[in-house]
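What follows is a set of notes on a single structure, which appears directly below.
2 protein chains.
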Amino acid sequence: MYQLPLPLPFTEEEYRSRVKKVQEKMAEKGMDVLLITDPSNLYFLTGYDAESYYVDQVLVVDINDEMPTFIGRYMDAFTGVARMTWLKEDHIFAYPDNYVQNPEKHPMDWISSKLKELGFGKKTIGIEIKADYITPYAWERYKANLTEAKLVDGSLTVNYVRSVKSDKEIEYMMKAGKISERMMLTFYETMAPGVRLCDVAAAVEAAAFSGTPEFGGECCASNMMFPRGIMGGAPHIQWDDQPLPENITIYLENAGVYKRYHAPFSRTLCLGQPPKGFIEISKIMIEGIETVMDHVKPGITTGELADIFGAVYEKHGVEKEARIGYTTGIGFFPSWGERIISIRSIDKTVLQPNMTFHLIPGMYLDQYGLSISQAFCVTETGAKKLYDIPYDVYVK
Amino acid sequence: MYQLPLPLPFTEEEYRSRVKKVQEKMAEKGMDVLLITDPSNLYFLTGYDAESYYVDQVLVVDINDEMPTFIGRYMDAFTGVARMTWLKEDHIFAYPDNYVQNPEKHPMDWISSKLKELGFGKKTIGIEIKADYITPYAWERYKANLTEAKLVDGSLTVNYVRSVKSDKEIEYMMKAGKISERMMLTFYETMAPGVRLCDVAAAVEAAAFSGTPEFGGECCASNMMFPRGIMGGAPHIQWDDQPLPENITIYLENAGVYKRYHAPFSRTLCLGQPPKGFIEISKIMIEGIETVMDHVKPGITTGELADIFGAVYEKHGVEKEARIGYTTGIGFFPSWGERIISIRSIDKTVLQPNMTFHLIPGMYLDQYGLSISQAFCVTETGAKKLYDIPYDVYVK
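Sequence order for the protein chains is A and B. No gaps in the numbering here: position 178 of the first sequence is 178 in this note's numbering, and each next residue is one more. No gaps in the numbering here: position 162 of the second sequence is 162 in this note's numbering, and each next residue is one more.
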């Protein structure tokens, strides 16, 4: 009906094969239907890339249908979904706008009726109860409406399918990495005493959106984490609008993004004289990162990588509690992580080719933060970096 | 213990009075304790502004304690929360990092134990079950762990307190509006045939972050909605990286942000010759907006405003289903709306001074989108615009 202004990011064949893999997982877990609300999973299966997930919407994967069905708000369903995805219009349904944020009725009431109408009222239905953008109340509405169905936890089913990428996905992540390189260099170039930190953030973000002359970039699944000095001791903090002093440490964590695929990175910079011990600690962190990178290959586990890193820190007498990495790829707010696999001792995931990780052993200390990271793809023989910028703290 | 690098956005007195208002609402609803997960509500009561809400964290408002208690991840609690908020360290608790995204255990298990330890195990506990960033699974963990407590729906309790702003909050929103003005002008200036849309987005976003020479800007609670031509018929779509043609319509929806307070806006631009009927429809939309703006004053209801707008459209024979506005203020992803009050016929909220709205009667049609909006504050006598840029479609 509509002419798409841009081609789909992947072939319809690739989308169909993704759905098939999800259906195989559903069969293993005994699900007839899977209701998807995680925007990353929805995008992965359809190509739908929009900011509409702040209202209720769901993608229905029926184990007996090659094409999923979208149910959402009218203004999104027959416009964005119809124009951006491979779904046919007979697989798109919309609830009326007066269900939006209305205390008297809830979109899940309408959606539940539609599910019954589609023949799913007595089926085993998986629901992503560990995902964002489905509220506990929405879950209660499903339970109240779908009394004859068996509702089960369908969380993370699609996330595991996402964790091993196709070659086309790796190509997109390498492009995202090219954008990440430009962001890091812009960060290094624009930092100077007297410059307001918000103006540095502006330059870095502009680099992220402009990308390269060959392809542009996109919004990242997390705001820029960019705290100076003592605030750097806290992760997940943004910038401020004050001029930079002569002496300060700062790290930047963000990601270049292409077709919603992320290449997250973190680098640290010192203006003026680094604090006592700062460079020494950074060298231990870099030794840990390089040692892990040397050991990445199919067959090794995430737990083993964490222990290899831990041994470096132990040798130097440094403590570190948090996980040091996780798988990454598609990202929608609030995270570019896939929420399933972590690089830490208790995680025993076996690495496979075309898995993609963000290795980030940040240190958040009393007087400053130190964050250096590397995103990489597992290859047949080792690790391929998504971007190539020296790890060293940039002293300026 | 730590020295804050920047002062709190509001006085401790203002935070205390906010907590008191929330406690009054809790008393009305019979809640002893309210567990807050909505990042906007958490920021409103504490000043905590960080990207940590992708993991479980909760602010506990005890009806008998003037100071709320934060429980979250270790790397955030004793760094960001301790350094950015008015909470004392004896009101901060943290769960160990191995609770993060671990299939074997859940942060709400640890948090539930802590709540019992704090004496809330048999209380009536309100939970924000209609908010983002609390999953259905987290809710189920509360239910499984807090078997002797009475768990009730505490959703939107804080949102209603937020809906009427203090003068300081209005001051911040006016500053956000100054940033919005710069963003709109940048949009108008940079659009031209041959320019890639991603480079326009980069310039607009840089204007948002750099703000004004006096104060900088921040990340917005929604990615830029910036779809060209036929994609403009779908709301909530971002930009692309292709060069602009000689003739195209496009709208931009985004917000200037200061101290997390938003001044959302939308404006529409035509490169070259506008499509047939485009300007005519825009004039009807503008007539609707101006008529509503003329009627804004304390005492009128949101439903009446919607009907006033509807009458203008009816006069011209134009149909419009969706709501035409909502209250706005603090925003964290994915929305700058407060989720409680809509400008639509069925909503009967009485306007009060210092309420702040985003009036946005977008039209998403087959061949293009048209979006013009105005954010305003209700004053004693009428409406004060948060920014002042002509409504007209900018033809270039």
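The beta-carbon is built from N, C-alpha and C at its ideal position, and this holds for glycine as well. Just so we're clear, the structure is a prediction, and the values are computed from it rather than from any experiment.
(1) Would you please verify whether the beta carbon of B:V100 is less than 9 Å from any beta carbon of chain A?
(2) Output, in chain order, the set of chain A residues within a Cβ distance shorter than 8 Å of B:M225.
(3) Quick one: what does DSSP say A:S342 is sitting in, helix, strand or coil?
(4) Between B:W336, B:T301, B:T291 and B:G337, which lies nearest to B:Y313 when the distance is taken from Cα to Cα?
(5) Under 9 Å, Cβ to Cβ, is there at least one residue of chain B near A:W86?
(6) Which residues, taken in chain order from the stretch 105 to 137 of chain B, show a beta carbon closer than 7 Å to some beta carbon of chain A?
(7) Ordered along the chain, which non-local residues of its own chain (more than five positions away) have a Cβ less than 6 Å from that of A:E246?
(8) To the nearest angstrom, report how far apart A:E66 and B:F309 are at their CA atoms.
(9) Have a look at the DSSP bridge pairing and note the partners of A:M363.
(10) Got a sec? Which residues, its chain only, sit under 6 Å from B:T439 by beta carbon, not counting five neighbours each side?
(11) Please go through the stretch 282 to 338 of chain B and give each complete beta strand (DSSP E) segment of 3 or more residues, from N-terminal end onward.
(12) For B:Y251, would you say it is in contact with chain A, using Cβ-to-Cβ distances shorter than 9 Å as the test?
(13) Listed from N- to C-terminal order along the chain, which residues in the stretch 12 to 41 of chain A have their beta-carbon within a distance smaller than 8 Å of any beta-carbon of chain B?
(14) Are A:H91 and B:G80 touching if we call contact CB-CB under 9 Å?
(15) Check the DSSP bridge columns for B:K385 and list the partner residues they point to.
(16) If you draw a straight line from the alpha carbon of A:E12 to that of B:M293, how long is it in whole angstroms?
(17) Considering only DSSP beta bridges, list what B:D62 is partnered with.
(18) Classify B:F78 as helix, strand or coil using the three-state DSSP reduction.
(19) Based on Cα-Cα distance, which residue from B:C219, B:L252, B:I134 and B:N98 lies nearest to B:K234?
(20) Tell me which residues of the stretch 163 to 178 of chain A have at least one Cβ-Cβ distance to chain B shorter than 9 Å, keeping chain order.
(21) Out of curiosity, what's the CA-to-CA distance linking A:F118 and A:P96?
(22) Which partner residues of B:A131 appear in the DSSP bridge assignment?
(23) Could you check whether the Cβ of A:S222 sits closer than 9 Å to any Cβ belonging to chain B?
(24) Which bits of chain A does B:Y54 rub up against, with CB to CB less than 7 Å?
(25) Would you mind telling me which residues of chain B sit closer than 7 Å to A:S210, beta carbon to beta carbon, in chain order?
(26) State the DSSP-derived secondary structure class of B:L156, mapped to helix, strand or coil.
(27) Measuring straight from C-alpha to C-alpha, what distance separates A:T249 and A:M191?
(28) What does B:H358 pair with, by DSSP beta-bridge criteria?
(29) Between the beta-carbon of B:K29 and the beta-carbon of B:T186, is there less than 9 Å?
(30) Determine the contact status of A:V60 and A:P68, defining contact as a CB-CB distance below 9 Å.
(31) Buried or exposed: which applies to B:P274, given that a residue is buried once 16 or more other Cβ atoms fall within 10 Å of its Cβ?
(32) So A:E319 and A:T328 are supposed to be a Cβ contact under 8 Å. How far apart are they, rounded?
(33) Closest to B:E104 by CA distance: which of A:I346, A:F376, A:G382 and A:T379 is it?
(34) Any contact between the stretch 165 to 185 of chain B and the stretch 163 to 179 of chain A? By contact I mean 3 or more CB pairs, one from each, below 8 Å.
(35) Taking three-plus beta-carbon pairs below 8 Å as touching, is the stretch 131 to 149 of chain A in contact with the stretch 129 to 142 of chain B?
(36) Please report the distance separating the alpha-carbon of A:G72 from that of A:L42.
Considering the structure as presented:
(1) yes
(2) E51
(3) strand
(4) B:T291
(5) no
(6) I129, K130, A131, D132, Y133, I134, T135, P136 and Y137
(7) P193 and G272
(8) 44 Å
(9) A:L370
(10) Residue 439 of chain B is absent from the structure shown; chain B starts at 1 and stops at 396.
(11) 325 to 332
(12) no
(13) none
(14) no
(15) B:F376
(16) 48 Å
(17) B:V33
(18) helix
(19) A small correction: the amino acid at residue 234 of chain B is Ala; Lys does not occupy that position in the sequence shown. Residue B:L252 is the option with its Cα nearest to B:A234.
(20) none
(21) One point to set straight first is that residue 118 of chain A is Leu, not Phe, in the sequence displayed. The alpha-carbon atoms of A:L118 and A:P96 are separated by roughly 18 Å.
(22) DSSP output for B:A131 lists no bridge partner at all.
(23) yes
(24) P334 and S335
(25) C198, D199 and A202
(26) coil
(27) 11 Å
(28) B:Y326 and B:A375
(29) no
(30) yes
(31) buried
(32) Their Cβ separation, rounded to whole angstroms, is 26 Å, which puts A:E319 and A:T328 out of contact at 8 Å.
(33) A:I346
(34) no
(35) yes
(36) 12 Å
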